Amino acid sequence: MACASASRRAAAGMEYTMEIAAEPGPMDEVVEQDGARVMIAPMAQMFLFGTEIDYETSLLEAGFKFNNPNVAEACGCGESIRFKDEPAA
Numbered sequence: 673m674a675c676a677s678a679s680r681r682a683a684a685g686m687e688y689t690m691e692i693a694a695e696p697g698p699m700d701e702v703v704e705q706d707g708a709r710v711m712i713a714p715m716a717q718m719f720l721f722g723t724e725i726d727y728e729t730s731l732l733e734a735g736f737k738f739n740n741p742n743v744a745e746a747c748g749c750g751e752s753i754r755f756k757d758e759p760a761a
């Protein structure tokens with residue numbers, strides 16, 4: 673199972689992380705769709721509300737892409753984000 677979270681660091685303030693997890697914790701939210709199970713860490717639940725997570729493959733890269741309606745801005749590389757109600761770094 674994959675574990676999605678958002679942590680404070682990077683240029684715009686926060687970044688998404690994905691890790692492999694064996695079992696969900698007692699406060700984790702587990703979302704399942706089309707056979708994929710994603711565990712959402714408690715501290716990330718409010719930041720990831722309404723987010724679509726896709727796995728995309730291109731000629732140059734492959735990985736998870738987050739489409740989050742709560743993001744106000746992202747850095748040029750797309751690795752870090754700032755949410756609408758979060759103060760600028």
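Residue numbering for the sequence shown follows my numbering, beginning at 673 and increasing consecutively.
Heads up, the beta-carbon is just placed ideally off N, CA and C, and yes, glycines get one too.
The structure displayed is predicted, hence computed values, not measured ones.
In this structure E695 is exposed. Its beta-carbon is surrounded by fewer than 16 other beta-carbon atoms within 10 angstroms.
Cβ neighbours of A744 within its own chain (closer than 7 Å, five residues either side excluded): R754, F755 and K756. DSSP places F721 outside both helix and strand once states are collapsed to three, so it counts as coil. Pairing M711 with A693 gives a Cβ-Cβ distance under 9 Å. Non-local C-beta neighbours of N740 in its own chain, meaning closer than 6 Å and more than five positions away in sequence, comprise T723, ordered along the chain.
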